[in-house]
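Numbering (my numbering), first residue to last: 4 to 137. C-beta: ideal position from N, C-alpha, C; glycine also. Remarks on the structure that follows.
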Amino acid sequence: MKKILISTAIVFVFLFVFDWLLHGFLMMEMYQETAHIWRSKEAIVDLVWFTWVFQLALAFFFSYLFDKGYESKGLGEGVRFGFYMGILIGILDLRMYPYFPITEEIAIYWFFGGIFKGLGTGLTLAFAFDKLET
Numbered sequence: 004m005k006k007i008l009i010s011t012a013i014v015f016v017f018l019f020v021f022d023w024l025l026h027g028f029l030m031m032e033m034y035q036e037t038a039h040i041w042r043s044k045e046a047i048v049d050l051v052w053f054t055w056v057f058q059l060a061l062a063f064f065f066s067y068l069f070d071k072g073y074e075s076k077g078l079g080e081g082v083r084f085g086f087y088m089g090i091l092i093g094i095l096d097l098r099m100y101p102y103f104p105i106t107e108e109i110a111i112y113w114f115f116g117g118i119f120k121g122l123g124t125g126l127t128l129a130f131a132f133d134k135l136e137t
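Below is the structure:
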């Protein structure tokens, strides 16, 4: 359980930084162009705690799943796990397209952002588990 909790903390940091870069910088102009469909900046700041809880839960879930199938096979194992999780995240993000009046560009960025988030998480977990075993 110690390995899962430590890796949860590490993955949480990765998810926080990844989402901050993706949404706070790379996609910010897209969000500003569609500002009428999003919460106000003040409302988002007030609800940021929800994002942190979600990221922590996601980090724990990924760490737990990775631990259950962990075979000590190196970074390739992380890439494989991360790719599958990334596809899942991307599909879940993409499914929002019919429900929100977002641009195709935002939907595509969400989809590929999910894939890269999964890959980064898988690599982070493989690296963390390798270091925590030694």
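Nearest candidate by alpha-carbon position, reference residue i, set the options
i, options, result
"residue 57", "22, 30, 82 and 116", "22"
"residue 32", "123, 121 and 112", "112"
"residue 129", "95, 46, 69 and 18", "69"
"residue 88", "114, 52, 109 and 101", "114"
"residue 24", "133, 120 and 135", "120"
"residue 18", "5, 36, 133 and 116", "116"
"residue 133", "67, 101, 20 and 78", "78"
Residue i (DSSP reduced to helix, strand or coil)
i, result
"residue 148", "The requested residue 148 does not occur in the structure, where the chain is confined to residues 4 to 137."
"residue 103", "coil"
"residue 71", "helix"
"residue 50", "coil"
"residue 30", "coil"
"residue 88", "helix"
"residue 77", "coil"
Separation of residue j from residue i, as counted between CA atoms
i, j, result
"residue 107", "residue 63", "31 Å"
"residue 97", "residue 104", "13 Å"
"residue 76", "residue 38", "45 Å"
"residue 60", "residue 7", "12 Å"
"residue 126", "residue 82", "6 Å"
"residue 41", "residue 109", "13 Å"
"residue 92", "residue 124", "11 Å"
"residue 90", "residue 14", "18 Å"
Boundaries (first-last residue) of the alpha helix (DSSP H) holding residue i
i, result
"residue 40", "Per DSSP, residue 40 belongs to no alpha helix (DSSP H) and is neither H nor E."
"residue 24", "5 to 24"
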